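Participant:
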Amino acid sequence: MSEAINPTAQHALFTEARSHNGWLDRPVSDETLHEIYDLMKWGPTSANCSPARMVFIRTPEGKEKLRPALSSGNLQKTLTAPVTAIVAWDSVFYDRLPALFPHGDARSWFTASPALAEETAFRNSTLQAAYLIVACRALGLDTGPMSGFDREKVDAAFFSDSNLKSNLLINIGYGDNSKLYGRLPRLSFSDACGLA
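Residues in the sequence shown are numbered from 159 upward in steps of one, following my numbering.
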């Protein structure tokens, strides 16, 4: 059994971590992006399907390509973020299952049901996006996840002629604490949970 992480780590990953809207002028290296992926890839997905695919946008040209797809409220914080990750899902993720899940013919579960394949890919890529956020926080970075964008424009700009479909965007960098909003409340256990 694993041991509980210490309170300092809990604060860094959850209780003190914040979604950032402003960024310090401090770059995130390509090596750090590799480190982020090398942590987040170990998070579990159903049948180890690992459908998430990411594009890390870190150049002015990449940001300009993304600009038309952003909502007005997300424009400035995204253009000034050192990195913006497009978390997408591979609609034919199951083609990798013979290597990722060699215990049985998991590929056939999804080739027989396009609806199940899409639901699985979307659900598990969302889960992997959460792992990406936690991996960033574990490495001392801040994030700002967003769903305020035009998915069709992102897909046309970055994934035309591919099997990828965008799910969400995550800004990554070193947050400017002076631009944080006040801490928002969360639901209590009794409001959000039940026991059966």
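For each residue, glycine too, the CB sits at the ideal point set by N, CA and C.
Owing to the predicted nature of the structure, the values given are computational and were not obtained by experimental measurement.
1) In three-state DSSP terms, what is residue 206?
2) Taking only the alpha-carbon atoms, compute the straight-line gap between residue 280 and residue 325 and give it to the nearest angstrom.
3) Note the first and the last residue of the continuous beta strand (DSSP E) segment covering residue 324.
4) Using the three-state DSSP reduction, which class does residue 245 fall into: helix, strand or coil?
5) Mind checking which residues open and close the alpha helix (DSSP H) that includes residue 188?
6) Going by C-alpha to C-alpha distance, which of 249, 291, 260 and 283 sits closest to residue 272?
7) Can you list, in chain order, the residues of its chain with a C-beta nearer than 6 Å to that of residue 358? Leave out the 5 residues immediately preceding and following it.
8) By the DSSP assignment, the alpha helix (DSSP H) with residue 301 in it spans what residues?
9) Can you tell me whether DSSP reads residue 250 as helix, strand or coil?
Facilitator: Answer, in terms of the structure:
1) Position 48 of the sequence shown holds residue 206. It is helical.
2) The residue you call residue 280 lines up with position 122 of the sequence shown. The residue you call residue 325 lines up with position 167 of the sequence shown. Straight-line Cα distance between these residues: approximately 7 Å.
3) Locating residue 324 in the sequence shown gives position 166, counting from the first residue. Taken as a continuous stretch (DSSP letters only), the beta strand (DSSP E) holding residue 324 covers 322 to 331.
4) Position 87 of the sequence shown, counting from 1, holds the residue named residue 245. Correct three-state label for residue 245: strand.
5) On the sequence shown, residue 188 is found 30 positions in, with the first residue counted as 1. It spans 188 to 198 - the alpha helix (DSSP H) in which residue 188 sits, taken as one unbroken run.
6) Looking up residue 272 in the sequence shown gives position 114. With distances taken between Cα atoms, residue 272 lies closest to 249.
7) Since the first residue shown for the chain is 159 and the last is 354, residue 358 is missing from the structure and cannot be characterised.
8) Locating residue 301 in the sequence shown gives position 143, where the first residue counts as 1. Where residue 301 is concerned, there is no enclosing alpha helix (DSSP H), although the beta strand (DSSP E) it sits in stretches over 300 to 304.
9) Counting from one through the sequence shown, the residue named residue 250 turns up at place 92. DSSP places residue 250 in coil when its eight states are reduced to three.
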